[in-house]
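Asks: I have a structure I would like to understand better, so I am pasting it below and will then ask my questions one at a time.
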Amino acid sequence: MGFADCPFRSRYVSVHGQRLHYLDEGSGPTLLFVHGNPTSSYLWRNVIKRLRHRYRCVALDLPGFGRSAKPDLDYRLCTLHHFFSGFLEQLALEPVTLVLHDWGGPLGFRLAQQQPQQVRALVFMETFPFTFDWQEFPLIARPLYFAFRRPALSPWLLQRHNLFVNTVLPMGTLRRLPRSVMNVYRAAFPDRDSRRAIRALPSELPIDDRQGETWRAIEEIEKRLPEMDQPMLLLHFRPGAVLPEQRIPWFKQRLKYLDVVYAGPGLHFVPEDNPAVIADSLDQWFQVRLANPR
1 MGFADCPFRS RYVSVHGQRL HYLDEGSGPT LLFVHGNPTS SYLWRNVIKR
51 LRHRYRCVAL DLPGFGRSAK PDLDYRLCTL HHFFSGFLEQ LALEPVTLVL
101 HDWGGPLGFR LAQQQPQQVR ALVFMETFPF TFDWQEFPLI ARPLYFAFRR
151 PALSPWLLQR HNLFVNTVLP MGTLRRLPRS VMNVYRAAFP DRDSRRAIRA
201 LPSELPIDDR QGETWRAIEE IEKRLPEMDQ PMLLLHFRPG AVLPEQRIPW
251 FKQRLKYLDV VYAGPGLHFV PEDNPAVIAD SLDQWFQVRL ANPR
């Protein structure tokens with residue numbers, strides 16, 4: 001059963017013993033949408049509405065998010081990747097075009113590097129397949145993230161008060177999210193135990209931490225970018241947040257088959273602000289670059 005503005009059938013699959021929720025709409029070449037923190041497949045609802053008539057649109061809820069199980073895990077990148085790759089295996093998806101946002105970026109790039117036969121192309125926006133330092137992090141968000149990454153504060157801020165949903169999410173959009181939309185995001189995290197993932201992931205961001213497992217994993221992703229042969233589309237927004245316009249030359253130096261499209265104004269949770277432009281830009285690019293089988 002879907003939400004009022006997301007009238008899609010909910011589907012479930014068991015992956016490594018956990019029940020994962022996903023959407024599967026339309027037919028045609030397969031697009032696999034991957035979200036980040038604190039969102040879910042719901043983030044992509046308005047993009048999918050515009051694309052499902054031409055594409056098969058699959059969007060999962062990672063463990064710890066949306067309507068998926070919320071087990072007591074460490075929620076590091078490698079753990080999420082274990083479930084993500086298992087999801088692809090369970091659904092036996094044909095080579096897919098990945099559509100990536102936030103933590104979906106490191107997950108998708110890692111999959112494309114480790115299992116290139118599974119990934120036909122990548123479309124990405126407001127994500128970070130790279131390590132960075134605090135000077136590159138959005139200034140307005142730094143005080144919050146400093147606090148989120150402190151063990152003494154994170155349980156109180158993120159699990160008791162759900163600040164990632166209640167504060168960070170609305171800070172990351174240009175439009176004011178309607179109460180009905182905020183209620184959907186809040187419903188995914190009704191109590192402290194359901195908020196383990198949103199508590200864990202801020203501390204996993206690859207910021208000035210050269211020792212952690214996730215830092216090393218993303219550093220490896222970054223090093224392998226020049227090896228990648230898949231066509232890619234970077235959708236950028238102004239002013240952006242974690243992927244501002246200044247980062248584009250960095251990507252152009254490392255990715256052989258990259259197209260860049262300006263997709264309009266936006267901060268971080270850009271599918272909430274510009275779903276039509278995202279869908280139309282993806283479709284136009286796909287028809288030019290990928291309509292004929294490679």
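Taking UniProt numbering, I'd label the letters of the sequence shown as residues 1 to 294. Here a beta-carbon is modelled for each residue, glycine too, at the ideal position from N, C-alpha and C. Please read all numbers here as calculations on a predicted model, not as lab measurements.
1. Considering only their Cβ atoms, is the gap separating PHE128 from VAL34 smaller than 8 Å?
2. How long is the line joining the alpha carbons of MET1 and MET182, rounded to whole angstroms?
3. Based on Cα-Cα distance, which residue from LEU80, PRO231, ARG196 and PRO138 lies nearest to LEU255?
4. Since VAL184 is in the alpha helix (DSSP H), which residue starts that stretch and which ends it?
5. I need the straight-line Cα distance from PRO275 to LYS49, nearest angstrom please.
6. Where do the ends of the beta strand (DSSP E) carrying HIS21 lie?
7. In angstroms with no decimal places, state the Cα-to-Cα distance between GLU272 and SER40.
8. Where does the unbroken beta strand (DSSP E) through SER14 begin, and where does it stop?
9. Determine, using beta-carbon pairs with one atom in the region 67–75 and one in the region 92–100, whether at least three such pairs fall under 8 Å.
10. Under DSSP, the alpha helix (DSSP H) around ASP283 begins and ends at which residues?
11. At what residues does the alpha helix (DSSP H) containing THR79 begin and finish?
12. Could you give the uninterrupted runs of the beta strand (DSSP E) lying entirely in the region 96–158, keeping only those of 3 residues or more?
13. Using the C-alpha atoms, what's the distance from ASN166 back to GLU219?
14. Considering VAL47, what are the terminal residues of the beta strand (DSSP E) in which it resides?
15. Short of 7 Å in beta carbon distance, which residues of its chain neighbour ARG192, apart from the five on each side in sequence? Order them along the chain.
16. In whole angstroms, give me the CA-to-CA distance for PRO249 and GLY17.
17. At the level of alpha carbons, what is the spacing between GLN253 and ASP102?
Replies: Once the coordinates are examined:
1. Reading the sequence shown from its first residue, position 34 is the one you call residue 34. Reading the sequence shown from its first residue, position 128 is the one you call residue 128. It is not a contact, given that the beta carbons lie outside the stated cut-off.
2. Counting from 1 along the sequence shown, the entry for residue 1 is found at position 1. Counting from 1 along the sequence shown, the entry for residue 182 is found at position 182. Bear in mind that the predicted position of MET1 carries a pLDDT of just 47, short of 50, making it too unreliable to give a figure here.
3. Here residue 255 is taken as the residue at index 255 of the sequence shown, counted from 1. The residue with the shortest Cα to Cα distance from LEU255 is PRO231.
4. As a position in the sequence shown, residue 184 is number 184, starting the count at 1. Its alpha helix (DSSP H) spans residues 179–187.
5. Walking along the sequence shown from the start, residue 275 turns up at place 275. Walking along the sequence shown from the start, residue 49 turns up at place 49. Using only the alpha carbons, I get a separation of about 9 Å.
6. By one-based count along the sequence shown, residue 21 stands at place 21. Start and end: 18–25.
7. Residue numbering aside, residue 272 sits at position 272 when the sequence shown is read from its first letter. Residue numbering aside, residue 40 sits at position 40 when the sequence shown is read from its first letter. Their Cα atoms are separated by approximately 12 Å.
8. For this step, residue 14 is matched to residue 14 along the sequence shown. Per DSSP, SER14 belongs to the beta strand (DSSP E) from 11–15.
9. no
10. Residue numbering aside, residue 283 sits at position 283 when the sequence shown is read from its first letter. Segment 275–289, the alpha helix (DSSP H) holding ASP283.
11. Translated into the one-based positions of the sequence shown, residue 79 becomes position 79. That run of the alpha helix (DSSP H) goes 77–91.
12. 96–102 and 119–127
13. In the sequence shown, residue 219 corresponds to position 219, counting from 1. In the sequence shown, residue 166 corresponds to position 166, counting from 1. Near 31 Å, if we compare the C-alpha coordinates of ASN166 and GLU219.
14. In the sequence shown, residue 47 corresponds to position 47, counting from 1. That residue, VAL47, is in no beta strand (DSSP E); its alpha helix (DSSP H) goes 45–51.
15. Locating residue 192 in the sequence shown gives position 192, where the first residue counts as 1. Excluding sequence neighbours, ARG192 sits near GLN159 and ARG160.
16. Taking the sequence shown and counting its residues from 1, one reaches residue 249 at position 249. Taking the sequence shown and counting its residues from 1, one reaches residue 17 at position 17. If I take the Cα positions, the gap works out to 42 Å.
17. For the purposes of this step, residue 253 is identified with residue 253 of the sequence shown, where counting begins at 1. For the purposes of this step, residue 102 is identified with residue 102 of the sequence shown, where counting begins at 1. In a straight line, the C-alpha of GLN253 is about 21 Å away from that of ASP102.
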